[in-house]
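Notes to accompany the following structure.
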Amino acid sequence: DNGIWMTLIESAKDNRINPAEYLTFLLKNISQLPTFLKPEELEAYLPWNFKSSRLKTTNEDNQKIAA
Numbered sequence: 001d002n003g004i005w006m007t008l009i010e011s012a013k014d015n016r017i018n019p020a021e022y023l024t025f026l027l028k029n030i031s032q033l034p035t036f037l038k039p040e041e042l043e044a045y046l047p048w049n050f051k052s053s054r055l056k057t058t059n060e061d062n063q064k065i066a067a
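Taking the UniProt record's numbering, the leading residue of the sequence shown gets 1, the next gets one more, and so forth.
Encoded structure:
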């Protein structure tokens, strides 16, 4: 439904996030999650938590590379 996509795009804009980057992140990462999650497990994927979850992922990736 277009309404869902527009909500995601506008929520990203409201949180000063590049919508294309946010949607790419969602599509790449959510497809790898288990089918049934608790609502609180999806919180990291909400636009207002996107920056901190990206930083955490980036830091974890950097630590793996350094090891």
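Where a beta carbon is used, it is the ideal one built from N, C-alpha and C, also for glycine.
My output table needs one value for residue 71: the three-state DSSP class, helix, strand or coil. There is simply no residue 71 to check, as the chain begins at 1 and stops at 67 in what is shown.
Under 8 Å between the Cβ atoms of N49 and E40? Taking the first residue of the sequence shown as 1, we reach residue 49 at position 49. Taking the first residue of the sequence shown as 1, we reach residue 40 at position 40. Not closer than 8 Å, so no.
Here's the rule I'm using: 16 or more other beta-carbon atoms within 10 Å means buried, otherwise exposed. How should I4 be labelled? Locating residue 4 in the sequence shown gives position 4, where the first residue counts as 1. It is exposed - the Cβ of I4 has fewer than 16 other Cβ atoms within 10 Å.
Helix, strand or coil for T35 per DSSP? On the sequence shown, position 35 is the one that residue 35 refers to. T35: coil per DSSP, three-state reduction.
Drop a sphere of 10 angstroms on the beta-carbon of A20, count the other beta-carbons inside from all chains shown, and report buried for 16 or more, exposed for fewer. On the sequence shown, residue 20 is found 20 positions in, with the first residue counted as 1. Exposed, by the Cβ-count rule.
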